[in-house]
Amino acid sequence: MKITAITAFPLREPQGGKAYTLLKISTDSGAVGWGEAASLSPAALVRARELVVGQEPSRYDFLTRQFAAEPMAGALNMALLDLAGKAANAPVYQLLGGPTRNRVRAIVAAANPAAREQFAAQGHRAFLVPLALPQAITSRPKLVAGVVEEFTALRKSLGENADFAVDGQAGLPALEATDIAVALEPLHPLWVERLVREPNAEVLSRISSECATPLGLGNELTEIGPVQNLLREGNVDLIRLPLQRLGLTPLRRAAALAETYYTAVAPTHAEGGPLTTVAALHLGASIPNFFIQEVPAVLSAEARTLRDALVRGSWEAVREGYLSLPTKPGLGVEIDESIVRRMAQ
Amino acid sequence: MKPFGKPLNRRDFFSVNAGLGCACSLMPQAAQEANNAGRPEPLGAAALFPYGSKLRITNVKTFGVTLPTPEQSDRPYVFVKIETNEGVHGWGEGTLEGKAAATIACIEDFRELLIGADPMPVEHHWQSMYVHSFYRAGPVIGSAMSAIDQALWDIRGKILNQPVYKLLGGPYDPAGVRGYYHIRANTPEQMRDVRAKAKQLGVTAIKGGIPGYYEWIETNAALRRAVKHVETMRVNLGEEIDIGIDFHAKTSPSVASLLCREMEPFRLLFIEEPCPPENVKAMQRIARRTKVPIATGERLVASYNCRELVELGIVDIIQTDINHVGGITALWKVGALADISGVKMAPHACEGPIGGLATVHVDAAMPNFVVQEICSGVEPGVKERIWEEWFGFPAMRMVNGKFPLPQKPGLGFELDEKQVAKYKFEGTRPMARVFHADGSVAAW
Chain A
1 MKITAITAFP LREPQGGKAY TLLKISTDSG AVGWGEAASL SPAALVRARE
51 LVVGQEPSRY DFLTRQFAAE PMAGALNMAL LDLAGKAANA PVYQLLGGPT
101 RNRVRAIVAA ANPAAREQFA AQGHRAFLVP LALPQAITSR PKLVAGVVEE
151 FTALRKSLGE NADFAVDGQA GLPALEATDI AVALEPLHPL WVERLVREPN
201 AEVLSRISSE CATPLGLGNE LTEIGPVQNL LREGNVDLIR LPLQRLGLTP
251 LRRAAALAET YYTAVAPTHA EGGPLTTVAA LHLGASIPNF FIQEVPAVLS
301 AEARTLRDAL VRGSWEAVRE GYLSLPTKPG LGVEIDESIV RRMAQ
Chain B
1001 MKPFGKPLNR RDFFSVNAGL GCACSLMPQA AQEANNAGRP EPLGAAALFP
1051 YGSKLRITNV KTFGVTLPTP EQSDRPYVFV KIETNEGVHG WGEGTLEGKA
1101 AATIACIEDF RELLIGADPM PVEHHWQSMY VHSFYRAGPV IGSAMSAIDQ
1151 ALWDIRGKIL NQPVYKLLGG PYDPAGVRGY YHIRANTPEQ MRDVRAKAKQ
1201 LGVTAIKGGI PGYYEWIETN AALRRAVKHV ETMRVNLGEE IDIGIDFHAK
1251 TSPSVASLLC REMEPFRLLF IEEPCPPENV KAMQRIARRT KVPIATGERL
1301 VASYNCRELV ELGIVDIIQT DINHVGGITA LWKVGALADI SGVKMAPHAC
1351 EGPIGGLATV HVDAAMPNFV VQEICSGVEP GVKERIWEEW FGFPAMRMVN
1401 GKFPLPQKPG LGFELDEKQV AKYKFEGTRP MARVFHADGS VAAW
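Dropping the structure here:
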């Protein structure tokens, strides 16, 4: 199987406005592989064609590395693995040594009770809740008390079978961030992330020495090298890396390192399309230290229908807090090109 | 010459300037090598003969022993009996859970090193087994070495006519060594029964675990259930019993940090294996965030592998196991480095009775000894009755909360190999394989 062509399709969802680009890789065997990026520059496409056309998809790791730290890396890795799976007539997770589990735990961002209620009705059991930050902090104790009150109420409303994680939106000074992390510990958030405005190692180290509230780190990384720093510094409880941006193989590599620190991985995926969710299912089903997969928050029924139509299946549907695994070769979904044309920007 | 039955005459066994050893050492190197190839006297050991005893190891017998008990079916015992040219023999144990056949094979691999050797220089043999294994030692080599080391100490004690703890400088407490039993109770009523029975037996410490299996990040429900379980244990066992809680390395540093902190109000003796052992700095993340004493080490082989735990101030109590760490020699050394560093010892023992009896000797001779484990409950079961049948005394049962010190030379017991052979080896049995609800591998 040799790669013959690479095409990019910038897409936009009419409801909600989520935008992403699908990458299509064609081969001489007729098999087609699909990947996803936030966006791809024309220059990156030119370079991808130069480097990738004529190659075998089985070289997915080597080829991905040629684009390290570029958005092309994630899309290319996804599409090449899709093809490599199809060439082997097996789901990607089997290529990667899986499955390690038969379903994938899910979490969704939900800012308010109405959204949480709606997602809970859809089957969600874990919610990533943003901290409501004031314009200016006038009183630290008041701020902390307000946060505690809000999340105590949340914990109560969720009952015994649902959980929450906290997104600090990278908005707090070190002192307030520390106080809030300490105050949240007894409420058992699954983790807190993006708590501090300046997440340097010193501040994180102070937080993790004053409490055991699990810290999720890595959200903003555009390459996996710094994961080594996070683990070595000993402040991270959950590796949060953007799957769409980095690709499956780099995340798998980061997971291999994190495993040696008994640290789990939970890929981020907030704004992208359903294909990245599908790719995440394969990663989650093949690494041992996977914890939970973020699924983009889509409340509008029209948008959900459109996303399902794009990948010809309800792969983002959650049952009792879990996503189901595809079983067909490659990423295991067919992209509907008529929907692609309809969504083209 | 009889090895015992009459007071031993040291001169019967030691000669500084005579015998076989000298003859060997006068041979040219090539001749020695040739000699070594043709005869079972290992090269090198012969150089020590002039300063050793006239005893020679003549046979190394291994025993796999499967007891007819449902409990601990994953750990058929691995025993070794080392025989000498003077009729003195020693017993040792290297039971390795889930890997019995591999450990027996590993003991057989050491046979060549032992046959024809003087059993007395135990440190020399320990070094040779460890260093000459090149890869140093993991659990299989460590357990095989442990069995051989214990048997050599048994012989040494018999030859020197002393219980092993006296050779090690003990006892610190002539009344014995403090122990704990396990609690398998789940309900408050069962826990109160254990409390009553423990009081009756004079037992002052009990160890339990936490329910279920844990992912590396956990839900509120799982965290609360674990804390509630330990709280129930404290309430129903009462304040007069020391409680150790074994996390069994089934928790990650993230989960364990939360649980340790929330269990601080229960005044625990220790929390054991809060995370797996390979990454010592990961365990440090837990230790630096809790006041609960951290105990760990049952899976570690040789003192080398305990060094970092001590050096980084992570561990309060080391729990190396005499059947895996490298026998009496290695357990004592771990105790030594711990003591110098202000760290205490509470050796693990969850295998057979020989290792159990051997560990009591080391316990009795350690200034930093806290408490000795035995994987038994307050009520003896089938296993304990077989042990009594083997040894003629209730081996590893406490009297007034302490394991009594053996009085006889060596490890302090006689064991008829025909009694042991009654329980035939039915092959290695795997340890429990457990899984999370989604089919992924869990630790128990």
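Chains as they are written, first to last, in the working numbering: chain A, 1 to 345; chain B, 1001 to 1444. We treat Cβ as the ideally placed atom computed from N, Cα and C, and that holds for glycine.
Exercise for the section: May I ask whether a heavy atom of the ligand MN can be found less than 7 Å away from the beta carbon of Glu1189 of chain B? Expected result: What this structure holds is no ligand at all, so the ligand MN is not there to describe.
Practice task
Using beta-carbon positions only, say whether Ala90 of chain A and Leu323 of chain A come within less than 8 Å of one another.
Solution key: Not in contact: Ala90 of chain A and Leu323 of chain A (Cβ atoms no closer than 8 Å).
Problem - Residue-chain proximity (Arg194 of chain A, chain B), Cβ-Cβ < 8 Å - result: Chain B contact via Cβ: absent.
Handout entry: Cβ-based burial, Thr1187 of chain B [other Cβ within 10 Å; buried from 16]
Key = Thr1187 of chain B should be labelled exposed.
Problem - Continuous alpha helix (DSSP H) assignments of at least 4 residues falling wholly in the region 1226-1284 of chain B - result: Segments of the alpha helix (DSSP H) lying fully in the region 1226-1284 of chain B: 1253-1263.
Problem - First and last residue of the uninterrupted alpha helix (DSSP H) at Leu83 of chain A - result: Going by DSSP, Leu83 of chain A is part of the alpha helix (DSSP H) stretching over Pro71 to Ala88.
Practice task
Within the same chain, show all residues whose beta-carbon is closer than 8 Å to that of Ala38 of chain A, passing over the 5 residues directly before and after it, in chain order.
Solution key: Non-local beta-carbon contacts of Ala38 of chain A in its own chain, meaning distances under 8 Å to residues more than five positions away in sequence, involve Ala19, Tyr20, Thr21, Pro71, Gln244, Arg245, Glu271 and Gly272 in chain order.
Exercise for the section: With 7 Å as the C-beta to C-beta threshold (strictly closer), list the residues of the region 221-235 of chain A near chain B in chain order. Expected result: Here the close residues are Gly234.
Handout entry: Close-in-space but distant-in-sequence residues of the same chain around Val196 of chain A (CB under 8 Å, 5 per side omitted)
Key = The residues are Gly168, Ala170, Leu172, Pro173, Ala174, Ala177, Val203, Leu204 and Ile207.
Practice task
Could you check what DSSP says for Ser157 of chain A in three-state terms: helix, strand or coil?
Solution key: Taken through DSSP and simplified to helix, strand or coil, Ser157 of chain A comes out as helix.
Handout entry: Within chain A, partners of Pro1277 of chain B - CB distance below 8 Å
Key = What Pro1277 of chain B touches in chain A: nothing, since even the nearest Cβ is about 10 Å away.
Exercise for the section: Give me the Cα-Cα distance between Gly316 of chain A and Val278 of chain A, rounded to the nearest whole angstrom. Expected result: Reading the sequence as shown, one finds Glu at residue 316 of chain A and not Gly. The straight-line gap separating the alpha-carbon atoms of Glu316 of chain A and Val278 of chain A is approximately 8 Å.
Practice task
Identify each residue in the region 1206-1218 of chain B for which the Cβ-Cβ distance to at least one residue of chain A is less than 7 Å, and report them in chain order.
Solution key: Glu1215, Trp1216 and Ile1217: these are the residues of the region 1206-1218 of chain B whose beta carbon lies less than 7 Å from some beta carbon of chain A, given in chain order.
Handout entry: Any 3 or more C-beta pairs closer than 8 Å across the region 1312-1319 of chain B and the region 1279-1291 of chain B
Key = Short answer: they touch.
Practice task
Tell whether a beta-carbon distance below 8 Å holds between Trp1444 of chain B and Val1420 of chain B.
Solution key: Pairing Trp1444 of chain B with Val1420 of chain B gives a Cβ-Cβ distance that is not under 8 Å.
Practice task
Specify, as a first and last residue, the run of the alpha helix (DSSP H) that Trp1387 of chain B falls within.
Solution key: Per DSSP, Trp1387 of chain B belongs to the alpha helix (DSSP H) from Val1382 to Phe1391.
Problem - For Leu238 of chain A, the three-state DSSP class (helix, strand or coil) - result: Taken through DSSP and simplified to helix, strand or coil, Leu238 of chain A comes out as strand.
Practice task
Please classify Ala1018 of chain B: is it buried, with 16 or more other beta-carbons within 10 angstroms of its beta-carbon, or exposed?
Solution key: Legend: pLDDT at Ala1018 of chain B = 36, less than 50; position of this residue unreliable, no value from coordinates given.
Handout entry: Cross-strand partners of His1182 of chain B (DSSP beta bridge)
Key = Note: His1182 of chain B sits in a beta bridge opposite B:Lys1207.
Exercise for the section: Determine whether the Cβ of Val1177 of chain B lies closer than 8 Å to any Cβ atom of chain A. Expected result: False, the Cβ-Cβ gap to chain A never drops below 8 Å.
Exercise for the section: Express the C-alpha separation of Ala309 of chain A and Ala5 of chain A in angstroms, rounding to a whole number. Expected result: Taking the straight line from one Cα to the other gives about 24 Å.
Practice task
Kindly list the residues whose CB is nearer than 8 Å to the CB of Gln1372 of chain B, restricted to its own chain and excluding five residues on each side of it in sequence; keep chain order.
Solution key: The residues are Val1177, Arg1178, Gly1179, Tyr1180, Ala1346, Pro1347, Ala1349, Thr1359, Val1360, Asp1363 and Phe1403.
Exercise for the section: Please classify Gly1090 of chain B: is it buried, with 16 or more other beta-carbons within 10 angstroms of its beta-carbon, or exposed? Expected result: Classification for Gly1090 of chain B: buried.
Handout entry: Between the CA atoms of Tyr1213 of chain B and Thr1219 of chain B - distance to the nearest angstrom
Key = Distance between the alpha carbons of Thr1219 of chain B and Tyr1213 of chain B is about 12 Å.
Exercise for the section: Could you tell me which chain A residues have their CB closer than 7 Å to the CB of Pro1253 of chain B, listed as they occur along the chain? Expected result: Residues of chain A passing the Cβ test: Tyr262.
Handout entry: Beta-bridge pairing of Pro10 of chain A - partner residues as DSSP gives them
Key = Beta-bridge pairing links Pro10 of chain A to A:Thr21.
Exercise for the section: Establish whether the CB of Pro214 of chain A and some CB of chain B are separated by less than 8 Å. Expected result: By this cut-off, Pro214 of chain A is an interface position.
Handout entry: Distance between Cys1260 of chain B and Met1233 of chain B (C-alpha atoms, nearest Å)
Key = Rounded to the nearest whole angstrom, the CA to CA distance from Met1233 of chain B to Cys1260 of chain B is 15 Å.
Exercise for the section: Measure from the alpha carbon of Met1396 of chain B to the alpha carbon of each residue in B:Glu1351, B:Glu1298 and B:Ala1117, then state which is nearest. Expected result: The shortest C-alpha separation from Met1396 of chain B is found at B:Glu1351.
Problem - Burial state of Ser300 of chain A (16 or more Cβ within 10 Å) - result: Taking all protein chains in view, the Cβ of Ser300 of chain A is surrounded by fewer than 16 other Cβ atoms within 10 Å, so the residue is classified as exposed.
Problem - Interface partners of Lys1250 of chain B on chain A, CB under 8 Å - result: Near Lys1250 of chain B there are no residues of chain A at all, since even the closest Cβ is about 11 Å away, more than 8 Å.
Problem - Assigned secondary structure, Met1345 of chain B (DSSP; H/G/I helix, E/B strand, else coil) - result: Met1345 of chain B sits in a strand when the DSSP states are folded into three classes.
Problem - Beta-carbon neighbours of Asn1305 of chain B, restricted to chain A and to distances below 7 Å - result: Proximity of chain A to Asn1305 of chain B at the Cβ level (cut-off 7 Å) is not reached, the minimal Cβ distance being about 16 Å.
Handout entry: Cutoff 7 Å; reference Val311 of chain A; Cβ partners in own chain excluding five residues on either side
Key = Once the five neighbours on either side are set aside, the close Cβ partners of Val311 of chain A are Pro274, Leu275, Val278, Val333 and Ile335.
Practice task
Measure from the alpha carbon of Leu190 of chain A to the alpha carbon of each residue in A:Glu117, A:Val227 and A:Val108, then state which is nearest.
Solution key: Closest option to Leu190 of chain A, Cα to Cα, is A:Val108.
Exercise for the section: Would you check if the region 1237-1250 of chain B and the region 1260-1270 of chain B touch, i.e. whether three or more CB-CB distances between them fall below 8 Å? Expected result: Under the Cβ criterion (8 Å, minimum of three pairs), the region 1260-1270 of chain B counts as touching the region 1237-1250 of chain B.
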